[in-house]
Each structure stands twice: as C-alpha cells, then as structure tokens.
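Trainee: One structure follows; several queries about it will come next.
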Amino acid sequence: MLALLVWFSLAWAAVCHAPVASQVAPLPERYRYVFVVDASASMMGKGDGKAVIFPKVQQELLRFLQRLPDGSEVIIIPFHQGPQGEARFRLPEEHTRAEAYIRRLQANGSNTWIYRTLVQVLERLPKDEGWATVLYLFTDGIDNDRAGPYRMRDVVERLKLRRGPYDWLYYVALGVDVPEEVRRNLQGLPRVRIQEARVGEVPRLGAYTVKPLVLSLGNLKQEPAVEVPILVEAQGNPGPLGLRLEDMALQEKGAFLQVEPKTLAPGNQALRFKLNTSGSLSDGVYTAWLCLEAPEGTVVRPEALRVEFAYHPPALYRLLPEEVPQEVALPRGASQTLVYRLEGNAWAKEPLRLAVTSPEGLVAKLNGKKGPLEAYPGERVTLELTNVGLRPGQRVAFTLQAQAPAGAQLELPPTLPPVTQPLSWWDRVLRLWWLWLPLLLFVLWLLLKWWDRLRPWGEATFIGPAPECKRQSLSLRGVVDLGKATGERELEGVRLARRGRVVVLEGLPPGLRAKSQGMRLERGETLRKGEELVLENPELEKAWTLQIEKVR
Numbered sequence: 001m002l003a004l005l006v007w008f009s010l011a012w013a014a015v016c017h018a019p020v021a022s023q024v025a026p027l028p029e030r031y032r033y034v035f036v037v038d039a040s041a042s043m044m045g046k047g048d049g050k051a052v053i054f055p056k057v058q059q060e061l062l063r064f065l066q067r068l069p070d071g072s073e074v075i076i077i078p079f080h081q082g083p084q085g086e087a088r089f090r091l092p093e094e095h096t097r098a099e100a101y102i103r104r105l106q107a108n109g110s111n112t113w114i115y116r117t118l119v120q121v122l123e124r125l126p127k128d129e130g131w132a133t134v135l136y137l138f139t140d141g142i143d144n145d146r147a148g149p150y151r152m153r154d155v156v157e158r159l160k161l162r163r164g165p166y167d168w169l170y171y172v173a174l175g176v177d178v179p180e181e182v183r184r185n186l187q188g189l190p191r192v193r194i195q196e197a198r199v200g201e202v203p204r205l206g207a208y209t210v211k212p213l214v215l216s217l218g219n220l221k222q223e224p225a226v227e228v229p230i231l232v233e234a235q236g237n238p239g240p241l242g243l244r245l246e247d248m249a250l251q252e253k254g255a256f257l258q259v260e261p262k263t264l265a266p267g268n269q270a271l272r273f274k275l276n277t278s279g280s281l282s283d284g285v286y287t288a289w290l291c292l293e294a295p296e297g298t299v300v301r302p303e304a305l306r307v308e309f310a311y312h313p314p315a316l317y318r319l320l321p322e323e324v325p326q327e328v329a330l331p332r333g334a335s336q337t338l339v340y341r342l343e344g345n346a347w348a349k350e351p352l353r354l355a356v357t358s359p360e361g362l363v364a365k366l367n368g369k370k371g372p373l374e375a376y377p378g379e380r381v382t383l384e385l386t387n388v389g390l391r392p393g394q395r396v397a398f399t400l401q402a403q404a405p406a407g408a409q410l411e412l413p414p415t416l417p418p419v420t421q422p423l424s425w426w427d428r429v430l431r432l433w434w435l436w437l438p439l440l441l442f443v444l445w446l447l448l449k450w451w452d453r454l455r456p457w458g459e460a461t462f463i464g465p466a467p468e469c470k471r472q473s474l475s476l477r478g479v480v481d482l483g484k485a486t487g488e489r490e491l492e493g494v495r496l497a498r499r500g501r502v503v504v505l506e507g508l509p510p511g512l513r514a515k516s517q518g519m520r521l522e523r524g525e526t527l528r529k530g531e532e533l534v535l536e537n538p539e540l541e542k543a544w545t546l547q548i549e550k551v552r
C-alpha cells in the first residue's frame, strides 16, 4: 500500500513544469489528436503477445472520441512495419466515419517498428498556427526494427523541431517494460509522458484546458484574500485535476500563498487565494505558479498558470490642471483646448482610463479623439471643447470620468470650468425686449402717422369758374390749401383736412362764401363723400366747385 501511495503522489507531482519564460503563449484555438496504434498480431495475444489488448484500445479510443470539442481533428495511424496509412477526421462532421474506421481496425502485422513510425509521423505532421497536437503511441512491444536507420534520439530530434508550446507526446506501454533507450531520451522533456499499464489494461485518456493563462490577484497588501474565476474544460473522461502552488521565491522572504480548493471539477470555478506574511515581505510585484496536476494519461493545457500580484501601498493617480481657465467662453463654432497632466506615485504604472461626456451642443475630445483614452503617469491630456450648438448665454458643464486600476486611488480636479456661449450685441438687444418693445410700438405709431400724412386721404374733382369751367382731379394730402392745390389765387387760405371719414373746412378767407347742398357752410363744418363744396366771391362774381369723391 505504501508503494502505491508513493507511485500515485509521484504521478501527480511530476506533471507540473513552471515555465521559465516571462511571456505565456496564448492557448490554442483548435486541437489535433494523433493516435499511433500498434497493429501487430501481438496486440491480439498472438506470438509474444501477453493479452488480447487491441479491442480494449479500440474501446478507449471510441470513448475518448465522445468528449472531444467541436472543431477537433483526429488522425489514426495503425503501424507494424512502419505506418500503414492514416485516416483524418474533423469533428463533429465526421464523427460517425471516425467510429466506423476505429471499429474496422485489425491487428495482424508481423513487426513493431516504433522509431521508424514515429519519425515518419512527426515529419509529416502539420504544424499549423493556433493548433495544439497530442500524440498517443499505443504498443505492447519494443522496437524490433534492428536493421532500420532510426533510434529513439532521432525521434526526439524531430519532436523538438515540430512541437508547439501546448503539444504533448504520450508513450503508452501496454503490459511491457519501456526500454531504457526510450526512458533516457524522453527524460526531462516537457509535455512528454511515459505511461506503463499492467497486462491486459488500457489507461483512460483525458485532457483538460484551463483558462485564463494568467491569474491577476491585484494588490494583496490592501486585501490579502481574493477570489478569481477560472474555467476548466474537459475532453474525454479525465481524472481529478489537482492544484499546487510553486512560490519558493515568496517563502524565502517569509511569505506564502494559499489556494482553495485543492482540486477542480470541469466548469466555471472560483479560486480563493490568501497571502500569509510575517511582515518582512518588501513592497513589489511578485509572480508564482499554480501547477495543474492530473493522473497519468491526462493532458493538461497549460501545465501551470501564472499568478501575479502586487504587494505595496495603493497606486495613486492625480490629474492636475496645467492650462485650464476658471471659465470657458465659446462663441458658436469656436474651440478651446484645456491641458491636464497625469501624475502618479511610484506604484502607478498601469494606464488610467479617461472618458468625457458633454451636453448637446458641446463636443469634447480627449487628445483629439471622442472615445475613451488610456493615459500613463507623466503624460499630458488635452481636452478640446467645441461649441456646435449652444444657445446664446447658455451655461453648461461637461463631466470627466476616470477609471483607475483595481485598488488604486484617484484624485481628480475638484472643479471643472463651466462652458458658456457669450452674448453678442444682438443677443443683448433681444434680451431687453421688454424695454424696447414699447419704444418700437411708439415709433411705429409715429411712422404710421407720418405715412398717413404723406399718402392721399381723399380724391376730389375741382371745377373752375365760368365760362371755362376747367376741371382738375385732386389728390388730397394732409391739410390742403385749395388755392395752392388748384393754382387759383383767389382761393388761397381755403383749407381742407380729414377728420375720420369726413372732410373739415378748416379755413375760409374773408370775402369768400362756402355752400354745400344749398346750405351755407362755416369754418369747422364738415363734408362727406359725394358732397360738393361751392365757393363764391360776390365781388368778382365767381364761383368754384369741389366734388368730394373719396375719403379714406
């Protein structure tokens, strides 16, 4: 029992290889599974075969096929004296064909040429961007291609040239000891596993893909316990996925990270991290690795997750005004640029996200762009304001929003200058309508009176004295002196004016008599439309007639 526990613990612990590169390669978009299956007769218990294992390999491939993600590619290569052809299938479109092909496979070959087969497979294997390849070799024997040109070191050379950051190789020995040559050449290679199954048994295949690749815990000096989401995707039927933290650099400084839970199931999960420190941990940014450990036969992508956290006082960001007036006056169509400077303390290293909103009629741009802006401490931020439709005298305010990194502190300007469209002289005149409107009405009344005096208020026909009885058409304007209007000197001083809809005799010189309708007419009396004014001079024995035809 003790030996079994030791083997089980080693099977888990050997899986984690924390990357040494600072950059983590992005996860692949598609997966390719290559099954190189020994098709020699020994797999059916013939010759030196120890068990009928081939049907069990077929069943495990069929089972594994059920849980592969859509878009995967499956390549099946049976071999004995080298590869015996290959079959490619895209899932899920060709799932049925893949199952039928696996069921038709037979193991009736006479040799087990492992090295030759692996070299040829690796040389032909496509190396596509965005794909991860997992190659499984199933065999119940050892290489017996004694006259062949290839050894295990040739396989390793091709493997190193062809493999990507998430490619795996599984050497599965079915009831047979793995040769020392194979162990020696594969020992220490990342993402290479040797798995030895007991006679008559086939290990269960499985794969995990864990996202995201980098876990950012934030600033643990402010909040030592945090929770981060994680997604575990399972292919096939893998065993439990264990977690182990590699934080030796932290432990050397008197601190260590804890993570819960210790095992993960497929699906969306939450990891709880807690930093324990004795108080001697210096301020800075730290990295640890969360190793993902699964039983043998299980592919894990990636092998470890990068864990990043900060341990320092909070980052502080200040947006300071440099060229900012107390108030911004913008005539229609005008622009003005305000200048700010972003400053930060020693821990403010990430960008600050800025956005501006403005009311209708005012366009605001940050560094010449309408959208949000990312600025780093030490950089200038320009805010351009343009009046495209404010009303005269309208006073508006814009809003500056800032989003600091998690845990950071932010100081924005306490006040932002208001924006006003100044009043023009015409705007000011319009605003005093209550003052100038009565004046305008009075002026209008005067104009009407003046115009009324200028235009004719009536029309008449003048008939001179006998014997000529000369007729004249007269347009009556203002106060009419009949003598001047007709050229008759004897009638000078006879004045007519309009009063409403009647004509008033305002002046009548001595020596003249006025009659209308056979009745004597005195000064101040009136005439109406259609009536006649007869003027007589008894001394000269002359008479003049004025017929009133129209009175406005």
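Reading the sequence shown from the start, the letters are residues 1 to 552 in the UniProt record's numbering.
For each residue, glycine too, the CB sits at the ideal point set by N, CA and C.
Report the rounded CA-to-CA distance for GLY47 versus GLN58, giving the unit in angstroms.
Mentor: For the purposes of this step, residue 47 is taken as the residue at position 47 of the sequence shown. For the purposes of this step, residue 58 is taken as the residue at position 58 of the sequence shown. Straight across, the Cα-Cα distance linking GLY47 with GLN58 is about 20 Å.
Trainee: Is the beta carbon of PRO261 less than 8 Å from the beta carbon of VAL232?
Mentor: Translated into the one-based positions of the sequence shown, residue 261 becomes position 261. Translated into the one-based positions of the sequence shown, residue 232 becomes position 232. Going by C-beta atoms, PRO261 is not nearer than 8 Å to VAL232.
Trainee: Helix, strand or coil for LYS127 per DSSP?
Mentor: If you number the sequence shown from 1, residue 127 lands on position 127. Residue state, collapsed to three classes: coil.
Trainee: Is PHE398 helix, strand or coil by DSSP?
Mentor: As a position in the sequence shown, residue 398 is number 398, starting the count at 1. It is coil, neither helix nor strand.
Trainee: Figure out for me which residue from GLY109, LEU342, PRO26, PRO229 has the closest Cα to the Cα of LEU412.
Mentor: Indexing the sequence shown from 1 puts residue 412 at position 412. The shortest Cα separation from LEU412 among GLY109, LEU342, PRO26, PRO229 belongs to LEU342.
Trainee: Would you kindly check if the distance between the Cβ of THR139 and the Cβ of ILE114 is under 8 Å?
Mentor: To locate residue 114, count along the sequence shown from 1; it is residue 114. To locate residue 139, count along the sequence shown from 1; it is residue 139. Going by C-beta atoms, ILE114 is nearer than 8 Å to THR139.
Trainee: Within 10 angstroms of its Cβ, does GLN235 collect 16 or more other Cβ (buried), or is it exposed?
Mentor: Taking the sequence shown and counting its residues from 1, one reaches residue 235 at position 235. Classification of GLN235: buried, given that the 10 Å Cβ count is 16 or more.
Trainee: Cα separation between TRP289 and VAL121?
Mentor: In the sequence shown, residue 289 corresponds to position 289, counting from 1. In the sequence shown, residue 121 corresponds to position 121, counting from 1. Each residue's Cα considered, the two are about 34 Å apart.
Trainee: How many Å lie between GLY361 and TRP425 at the Cα?
Mentor: Counted from its first residue, the sequence shown places residue 361 at position 361. Counted from its first residue, the sequence shown places residue 425 at position 425. Straight-line Cα distance between these residues: approximately 21 Å.
Trainee: Is ALA460 buried or exposed, if buried means 16 or more other CB atoms sit within 10 Å of its CB?
Mentor: One-based indexing of the sequence shown puts residue 460 at position 460. Buried, by the Cβ-count rule.
Trainee: Roughly how far, in whole angstroms, is the beta-carbon of THR337 from the beta-carbon of GLU384, given that I think they are within contact range, below 8 Å?
Mentor: Counted from its first residue, the sequence shown places residue 337 at position 337. Counted from its first residue, the sequence shown places residue 384 at position 384. Between GLU384 and THR337 the Cβ distance is about 5 Å, and since that is below 8 Å, they are a contact.
Trainee: Could you give the residue range of the beta strand (DSSP E) that holds GLN235?
Mentor: Position 235 of the sequence shown, counted from the first residue, corresponds to residue 235. Segment 225 to 236, the beta strand (DSSP E) holding GLN235.
Trainee: Measuring only the C-alpha atoms, how far is GLY141 from GLY45?
Mentor: By 1-based counting over the sequence shown, the position of residue 141 is 141. By 1-based counting over the sequence shown, the position of residue 45 is 45. So the two alpha carbons sit approximately 12 Å from each other.
Trainee: Here's a check: name, in chain order, each residue in its chain whose Cβ is nearer than 6 Å to the Cβ of LEU264, leaving out the five neighbours to either side.
Mentor: Looking up residue 264 in the sequence shown gives position 264. Once the five neighbours on either side are set aside, the close Cβ partners of LEU264 are VAL232, LEU241.
Trainee: Assuming TYR166 is part of the beta strand (DSSP E), what are its boundary residues?
Mentor: The residue you call residue 166 lines up with position 166 of the sequence shown. It is not in any beta strand (DSSP E) - TYR166 carries neither H nor E in the DSSP assignment.
Trainee: For the candidate residues ARG523, TRP450, ILE548, PRO509, whose alpha-carbon lies nearest to that of PHE462?
Mentor: Mapped onto the sequence shown, residue 462 falls at position 462. Per the Cα distances, ILE548.
Trainee: So if DSSP puts VAL172 in a beta bridge, which residue, or which two residues, is it bridged to?
Mentor: On the sequence shown, residue 172 is found 172 positions in, with the first residue counted as 1. Answer is PHE138, GLN195, bridged to VAL172.
Trainee: Determine the burial state of ALA21: buried for a count of at least 16 other Cβ atoms within 10 Å of its Cβ, exposed for fewer.
Mentor: For the purposes of this step, residue 21 is taken as residue 21 along the sequence shown, with counting starting at 1. Confidence is the limiting factor: at ALA21 the pLDDT is only 48, short of 50, which leaves the residue's position unreliable, though a coordinate-based value still follows. It counts as exposed.
Trainee: Under three-state DSSP, which class holds LYS484?
Mentor: Position 484 of the sequence shown holds residue 484. If DSSP states are grouped into helix, strand and coil, LYS484 belongs with the helices.
Trainee: Smallest Cα separation from THR420: which of ARG318, ALA514, LEU330?
Mentor: Looking up residue 420 in the sequence shown gives position 420. Checking every option, the nearest Cα to that of THR420 belongs to LEU330.
Trainee: Starting from VAL307, trace the beta strand (DSSP E) both ways and give me its first and last residue.
Mentor: Walking along the sequence shown from the start, residue 307 turns up at place 307. Unbroken beta strand (DSSP E) run through VAL307: 304 to 311.
Trainee: Inspect the beta-carbon positions of ILE194 and ARG183 and report whether they are closer than 8 Å.
Mentor: Counting from 1 along the sequence shown, the entry for residue 194 is found at position 194. Counting from 1 along the sequence shown, the entry for residue 183 is found at position 183. Going by C-beta atoms, ILE194 is nearer than 8 Å to ARG183.
Trainee: Taking its Cβ as the centre, do 16 or more other Cβ atoms sit within 10 Å of ASP167, making it buried, or is it exposed?
Mentor: Numbered from its first residue, the sequence shown carries residue 167 at position 167. It is buried - the Cβ of ASP167 has at least 16 other Cβ atoms within 10 Å.
Trainee: Taking DSSP as the reference, what is the three-state secondary structure of ILE102?
Mentor: The residue labelled residue 102 in the question sits at position 102 within the sequence shown. DSSP places ILE102 in helix when its eight states are reduced to three.
Trainee: Suppose the cutoff is 6 Å on Cβ atoms and the five residues either side in sequence are ignored; what does the same chain contact list for THR209 look like?
Mentor: Taking the first residue of the sequence shown as position 1, residue 209 is located at position 209. Cβ within range, chain order: GLU233, ARG301.
Trainee: For LEU505 versus GLU536, is the C-beta distance shorter than 8 Å?
Mentor: To locate residue 505, count along the sequence shown from 1; it is residue 505. To locate residue 536, count along the sequence shown from 1; it is residue 536. Contact flag unset, no.
Trainee: Any idea what DSSP makes of LEU68, helix, strand or coil?
Mentor: For the purposes of this step, residue 68 is identified with residue 68 of the sequence shown, where counting begins at 1. Three-state result, LEU68: coil.
Trainee: What does DSSP give as the partner residues of ASN219 in its beta bridges?
Mentor: Within the sequence shown, numbered from 1, the residue matching residue 219 stands at position 219. According to DSSP, which records beta bridges pairwise, ASN219 is partnered with ALA310.
Trainee: Beta carbon of ARG153, beta carbon of LEU125: below 8 Å?
Mentor: Numbered from 1 along the sequence shown, position 153 holds the residue referred to as residue 153. Numbered from 1 along the sequence shown, position 125 holds the residue referred to as residue 125. Contact flag unset, no.
Trainee: When you compare the region 204 to 221 with the region 303 to 313, are there three or more beta-carbon pairs, one atom per stretch, that lie closer than 8 Å?
Mentor: Contact annotation: the region 204 to 221 touches the region 303 to 313, with at least three C-beta pairs closer than 8 Å.
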